[in-house]
Amino acid sequence: MTNFDERAKDWDSDPMKVDRAKTVGEAIRRAIPLAENMSALEYGCGTGLLSFALQGDLGQITLADTSQGMLDVLTEKIAAASVTNMRPLKLDLSADALPNEHFDLTYSLMTLHHIPDTKDTLKKFHDLLAPGGWLCIADLDKEDGTFHTDGTTDVHKGFERGELQQWVEDVGFTGVKFSTAFEIKKKIDGIEKIFPIFLLAARKA
Ligand SMILES: C[S@@+](CC[C@H](N)C(=O)[O-])C[C@H]1O[C@@H](n2cnc3c(N)ncnc32)[C@H](O)[C@@H]1O
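The sequence shown lines up with residues 256 to 460 when you count with our numbering.
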């Protein structure tokens, strides 16, 4: 069982995580033109908080994650809400074959910093998008390592925006734009610290 499997059942009981997903959803709505005929892939969906925030704006959404625990909670939530346009998928882009379909939008929230090979993942996001498709990535700005107290699942201490932009452009995206979509406040050694979350939006040429 992974750390995320264990945390899945309690994930939605943290109001910050719910607020974060809703606020990032609003930032995505401001950054790109969503439409009810757009197909979407959320990568690292967890319990689906972000996709639940966006599902009324989109067509079919595939929600992918490597944690079976997260996907089990998500499956229960989809059934309870009687939502028909959300489909859970166990997928590890670093090991599995790519899904045999193309999406109009790929998005992820707080997932990229857990994946060792960032450039490979960005390349696969690009491969999975239809021409003109959109990419939205929300994640931590570069931090000093104090954000995560559990060093087992986080492999990057956030990202430098300029460096991430270069990687995204290297795999073929254009029109890269950043905004600050959310701020996570955490007490570190008794002192409140703010960790900004960026939203990167870009387009497949
Ligand atoms: C910090 S959680 C964020 C979950 C959700 N996006 C949210 O904001 O509530 C990171 C998620 O990424 C997933 N994850 C970790 N490594 C992954 C990988 N290599 N591929 C896909 N998902 C991964 C975890 O299982 C977990 O659900």
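Note that the Cβ used here is the ideal one computed from N, Cα and C, for glycine as well.
Discussion item. I'd like to confirm the pairing. Which residues does DSSP put opposite Pro446 in its beta bridges?
Written reply: A small correction: the amino acid at residue 446 is Ile; Pro does not occupy that position in the sequence shown. Answer is Ile443.
Worksheet entry | Anticipated Cβ contact below 8 Å, Met341 with Leu318, distance rounded | Going by Cβ atoms, the distance from Met341 to Leu318 rounds to 6 Å, so yes, they are a contact pair.
Worksheet item: Applying the criterion that 16 or more other CB atoms from any shown protein chain within 10 Å of the CB defines a buried residue, is Ile370 buried or exposed?
Response: Under the 10 Å beta carbon count, Ile370 is surrounded by 16 or more other beta carbons and is classified as buried.
Fill in: Cβ-heavy atom distance, Ile452 to ligand 3, below 7 Å
Only ligand 1 can be found as ligands here, which leaves ligand 3 out of the picture.
Discussion item. Nearer than 7 Å: is that true of the beta carbon of Met325 relative to any heavy atom of ligand 1?
Written reply: Met325: yes, Cβ under 7 Å from ligand 1.
Worksheet item: Mind checking whether Ile287 and Ala456 have CB atoms under 8 Å apart?
Response: Going by C-beta atoms, Ile287 is nearer than 8 Å to Ala456.
Worksheet item: How would you call Gln310, buried or exposed, if buried means at least 16 neighbouring beta carbons within 10 angstroms?
Response: Burial call: buried.
Worksheet item: Just the Cα atoms here: how many angstroms apart are Gln420 and Val431?
Response: It is roughly 7 Å from the alpha-carbon of Gln420 to the alpha-carbon of Val431.
Discussion item. Spatial neighbours of Asp267 within its chain, please: C-beta separation below 6 Å, excluding the five flanking residues on both sides.
Written reply: Taken in chain order, the residues that qualify are Thr302.
Discussion item. Let's see if you can read the secondary structure: which residues bound the alpha helix (DSSP H) around Ala352?
Written reply: That residue, Ala352, is in no alpha helix (DSSP H); it is neither H nor E in DSSP.
Fill in: Coarse secondary structure for Pro386, derived from DSSP in three states
In this structure, Pro386 counts as strand in the three-state DSSP scheme.
Item to complete: Verify the contact flag: Lys440, CB atom, against every heavy atom of ligand 1, threshold strictly below 7 Å.
Response: Outside the cutoff, so no.
Worksheet entry | Own chain residues within Cβ distance below 7 Å of Arg284, not counting five before or after | Asp312.
Fill in: Coil, strand or helix - Thr435 by DSSP
Here Thr435 sits in strand by DSSP.
Item to complete: Could you tell me which residues DSSP pairs with Arg458 in its beta bridges?
Response: Bridge partners of Arg458: Trp389 and Thr429.
Worksheet entry | Cα-Cα separation between Phe402 and Ala352, rounded to whole angstroms | Computed Cα separation, rounded: 32 Å.
Worksheet item: Which same chain residues, not among the five before or five after Val338, have their C-beta less than 7 Å away from its C-beta?
Response: Excluding positions up to five away in sequence, the list reads Gln310.
Discussion item. For the pair the region 376 to 394 and the region 359 to 367, tell me if three or more CB-CB distances fall below 8 Å.
Written reply: Segment contact: the region 376 to 394 against the region 359 to 367, three or more CB-CB distances shorter than 8 Å; contact assigned.
Discussion item. At the level of alpha carbons, what is the spacing between Tyr362 and Gly314?
Written reply: So the two alpha carbons sit approximately 14 Å from each other.
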